[in-house]
Amino acid sequence: MATHTIRVTVNGTAHDEQVESRLLLVHLLRDRLLLTGTHIGCDTTHCGACTVLLDGQPVKSCTILAVQADGREISTVEGLEKDGKLHPLQEGFWEKHGLQCGYCTPGMMMTSCALLARNKNPSEAEIREAISGNLCRCTGYVNIVKAIQYAAERSR
Amino acid sequence: MQPRTSPEVGGMGHSMKRKEDPRFIRGKGNYIDDIVLRDMLWMDIVRSPFAHAKIKSINTEKALKVPGVLAVITGETLAKYNLHWMPTLMSDTQMVLPTEKVMYQAQEVAAVIATSRYAAADGVEAVEVDYEPLPVVVDPFKALEPNAPVLRTDKKDKKDNRIFHWEAGDRAATQKAFSEADVVVKQDLYIPRIHVASIETCGCIADFDRVNGKLTVYMTTQAPHAIRTVFALVAGHVGLSEERIRIISPDIGGGFGGKVPVYPGYVIAVAASVVIGKPVKWIEDRMENLQADSFARDYHITAELAAKKDGTITALRMKTLADHGYADAAANPSKFPAGLFSICTGSYDVKKAFVEVDGVYTNKPPGGVAYRCSFRVTEAVHAIERITDVLAQQLKMDPAELRMKNFIPKEKFPYKSVLGWEYDSGDYAPALQLAMDKIDYRGLRKEQAEKRARGELMGIGICSFTEIVGAGPSKTFDILGIKMFDSCELRVHPTGKAIARFGTKSQGQGHETTYAQIIAEELGIPASAVQVEEGDTDTAPYGLGTYASRSTPTAGAAGAMAARKVREKAKKIAAYLLEVSEDDLVWETGKFSVRGAPQRSKTIQEIAFAAYTNHPQGMEAGLEAVDYYDPPNLTFPFGSYICVVDIDRGTGMVKIRRFVAVDDCGNIINPMIVDGQIHGGLTMGMAPALLEEISYDESGNIQGGSFMDYLLPTAMETPAWETAKTVTPSPHHPFGAKGVGESATVGATPAIANAVVDALAHLGVRHIDIPMTPEKVWRILKEKGVAE
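In order, the protein sequence lines correspond to chains A and B.
Heads up: the first sequence begins at 1252 in this note's numbering, then just goes up one per residue.
Heads up: the second sequence begins at 1218 in this note's numbering, then just goes up one per residue.
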């Protein structure tokens, strides 16, 4: 199988990697770069556990090839905390009990991160619409919505 | 309940932020697929495209030539070690890998071991299996017909597809009550097969160390200790001995019962690691998870109620056909083939009852209870709450009034139900009244009447459920003979901090926080200074695990009892230090003081230090205790839920406008966490009411085998749940708590179903089976001539 040399910048650090054409972005992140905060939940782009930001846009990294990320910037959950200070979304999820098993949480926070970047004051309906591609089986979403509202307030 | 401790101590009643969250919000959880061992190999599984077929041959030649593929394991390989079959928790048997035939679509047929995830998947593609399709039995009713093909040909003397017949109650007395009743209602209900679909699938790493003969299995399991014993029993004959088996259950991405059973994949990975001598990782993909792992429900129920003209319920009868798939692999307590279905008299003072359940084999995956419900309680509650509404409709009585009339009165607790349970405590009417007040029930009925006059479809549904959780007392509850106690081992360190280990295993419930709060409540050691550990069988005391809402009733109780044992010893040390008799000491949170001289006291921290530095002569050093808690009874949480729906006449879409959930789970450890459990439970109760179903076509092909067509609720369908509490403590639990993790799943489904039927009741609709999908509802609207 053909291999390619790609350069991806993940959470600000550049990585040069030799990858097979078929390697999924999520496996590059998890198995090669050992950034295991990005999870896999469905393989079919439904659950959103693998959501990362690709040039600022939320994407499901289980259905993107690593080669498609060549030359681009990726943000994952591991990059949210800066200089030992939690991101407002991390604070919000903790403060408002926005997580239980924690498995969907990284993807949920990355999607929310993109939402807050484009909309500083989202309504509840806008929050629910924004996270509708991220499935959570534990929380019933009530406290996730509150966590994102908390982060929006803190970020303003 | 007002907290007795300060927020700094963080005992019961404090909404303490969770201690486990710092790792999860940083992406530093440690789930099964995050674990990597040196020299680790990968396993992937070949699965059957047929629901019933003879395996004529398996050709592994091409697969073995795939780069990276090291081995292909088949049933023949395992048969050499007599590991191709394994026992289920219900004393049935199921295949690990087949040697003769497959019994359901997606059944494991062979396993490929390779050096990478991708190579293993390539190997799976290259395995060639030649099948000869056999007649498929999908319909459980047809499975019992005399000419039905007998599926379990592996069982000598098995002449039909019946697994068991189970019954409870008095058939003749119930029949008499029915014949004497003013009113009788009867309803067939189907509660379809569904799947928990935790966002993390199942998986393991089996790591057999050939030098010391020790097997370590990192595994997505809710019951690590029981699994260790099962492995020792199943594989004892090939040299695996229990002291050399270590099960480690790491962080689990949701369980809900789906991570209780032993799936063939785990056993194959263990066999592969033992044979190859290297760690073998197996991680399911989502389609494997949905298509092959343990399902829930699949109960075909005929429910009947007998009543007087005034609405007094006099008798209940239920007959059920339970589709178990090709093996009875439900994770019920051993003596309960139909779980705790006999809780089906519910919240009502029913004088006569008879229930029977027949378990049946079909060509579907095995399983049975895995969906956030305590052993068939969901089925029981759905049936009683639906048939109660059917009775209300028949009597033209308000469903709230009918429930109020029939509730077991408060003064009858502890209440002995006609089907044999002793309900520990309950006070049902205030819970329903609170729900009615919060949602403005009378106002809603008025609005509904106005809307009906305008042709709009609005429904109000009630469910007043009683659960039975916290298995359970050892005289009746065991799994494969192991009694269903649970445990805590508590050690207080010299500096007054503590570690507490438990036999359960959290999958998101927040045990690291709530268990620490229990210890804090009992000893006054701040919850932040109590380290909680679970899930490693080499370190934690033996317990039966977390499922069926049993953690707080059993392990939580063990935590309190262990802490009280520690306090007893602490009292002796305090008496020694203060030079008084133990009888002169008074305990208040965190310290012993001398009666009448409160300035003379010793804190638990001072006592802990003395336990290691200055303990009385003749006393053992240290401050620790172990408790194996055998609950005297189960706990019976309850609640009343009211749901308001609007139905779109154009699309048949049901929209939940409001949903008020009043729960009573006794005394509460952490209100924030309890509310989180309720929110999640409500959402998993809504899912089968409106969205989720796994069905099969007549060839046994699964419909709903991926998230494309098995619809989990998103934030869009899920309403903003409204919650409230009443508090009726359990009289037998050490701190008056009841299990809560599953109440809402049990209560939400019938509340929603009743609301949808109520919206259409004036059109003559009496019942609709769940899930109430837009298509199903639209067809009814069309039939009734109200579709737009």
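Ideal placement from N, C-alpha and C gives every residue a C-beta, glycine not left out.
Predicted model, so just to flag it, every value in this text is computed and none were measured.
Residue i and residue j closer than 7 Å at C-beta
i                : j                    : result
serine 1642/B    : proline 1848/B       : no
glycine 1391/A   : threonine 1935/B     : yes
arginine 1593/B  : phenylalanine 1558/B : yes
threonine 1519/B : aspartate 1703/B     : no
glycine 1288/A   : threonine 1260/A     : no
glutamine 1439/B : alanine 1323/B       : no
alanine 1757/B   : alanine 1842/B       : no
glycine 1760/B   : histidine 1442/B     : yes
glutamine 1724/B : cysteine 1352/A      : yes
proline 2006/B   : alanine 1777/B       : For residue 2006/B there is no data in the structure shown, the boundaries of chain B being 1218 and 2005.
glycine 1285/B   : threonine 1332/B     : yes
Within-7 Å CB hit, residue i to chain B
i                 : result
aspartate 1294/A  : yes
isoleucine 1382/A : yes
arginine 1369/A   : no
histidine 1297/A  : yes
glutamine 1351/A  : yes
glycine 1391/A    : yes
cysteine 1301/A   : no
glutamate 1329/A  : yes
tyrosine 1401/A   : no
threonine 1200/A  : This structure does not reach residue 1200/A, given that chain A is present from 1252 up to 1407, and the question cannot be answered.
Assigned secondary structure, residue i (DSSP; H/G/I helix, E/B strand, else coil)
i                 : result
alanine 1402/A    : helix
threonine 1830/B  : helix
aspartate 1282/A  : helix
methionine 1359/A : helix
arginine 1767/B   : coil
glutamate 1796/B  : coil
histidine 1541/B  : coil
isoleucine 1969/B : helix
alanine 1780/B    : helix
proline 1946/B    : coil
alanine 1265/A    : strand
cysteine 1421/B   : strand
serine 1333/B     : coil
Own chain residues within Cβ distance below 6 Å of residue i, not counting five before or after
i                : result
glutamine 1341/A : Leu1331
glycine 1292/A   : Cys1298, Ala1300
alanine 1746/B   : Lys1714
threonine 1296/A : Lys1311, Thr1314
Chain-order list of residues whose beta-carbon lies under 7 Å from that of residue i (same chain, five-residue window excluded)
i                : result
threonine 1316/B : Gly1292, Glu1293, Ala1296, His1301
proline 1930/B   : Thr1900, Met1903, Ala1904, Leu1908
alanine 1765/B   : Ser1591, Phe1592, Val1686, Ala1688
alanine 1978/B   : Gln1610
lysine 1613/B    : none
glutamate 1324/A : Thr1260, Asp1306
Cβ of residue i within 7 Å of any chain A Cβ
i                 : result
methionine 1436/B : no
glutamine 1650/B  : no
threonine 1721/B  : no
arginine 1817/B   : no
glutamate 1909/B  : no
methionine 1933/B : yes
arginine 1503/B   : yes
threonine 1880/B  : It is worth fixing the name first, because residue 1880/B is aspartate in this sequence and not threonine. False, the Cβ-Cβ gap to chain A never drops below 7 Å.
serine 1415/B     : yes
serine 1923/B     : yes
Beta-carbon proximity list for residue i, same chain, < 8 Å, skipping 5 on both sides
i                 : result
aspartate 1695/B  : Pro1550, Ser1551, Lys1552, Met1701
arginine 1514/B   : Ile1408, Pro1409, Arg1410, Ile1411, Tyr1588, Thr1595, Glu1596, Pro1905
proline 1711/B    : Ala1825, Phe1826, Ala1828, Tyr1829, Thr1830
asparagine 1918/B : Ala1268, Gln1322
Residue i beta carbon near the ligand GTP (any heavy atom closer than 6 Å)
i              : result
alanine 1780/B : The ligand GTP is absent from the structure shown, which contains no ligand whatsoever.
So within the stretch 1862 to 1891 of chain B, which uninterrupted beta strand (DSSP E) runs reach at least 3 residues, ignoring any that extend past its ends? 1871 to 1881
Write down every uninterrupted run of the beta strand (DSSP E) in the stretch 1678 to 1746 of chain B whose length is 3 residues or greater and which is fully enclosed by it, in chain order. 1703 to 1709, 1715 to 1719
| query | Hey, which unbroken runs of the alpha helix (DSSP H) at 4 residues or more fall wholly within the stretch 1573 to 1661 of chain B? | reply | 1594 to 1612, 1616 to 1623, 1645 to 1656
| task | Quick one: which unbroken beta strand (DSSP E) runs of 3-plus residues sit fully inside the stretch 1440 to 1527 of chain B? Chain order, please. | result | 1462 to 1465, 1497 to 1500, 1516 to 1524
Jot down the residue ranges of each uninterrupted alpha helix (DSSP H) in the stretch 1237 to 1317 of chain B, minimum 4 residues, whole runs only, in chain order.
1238 to 1241, 1278 to 1282, 1292 to 1296
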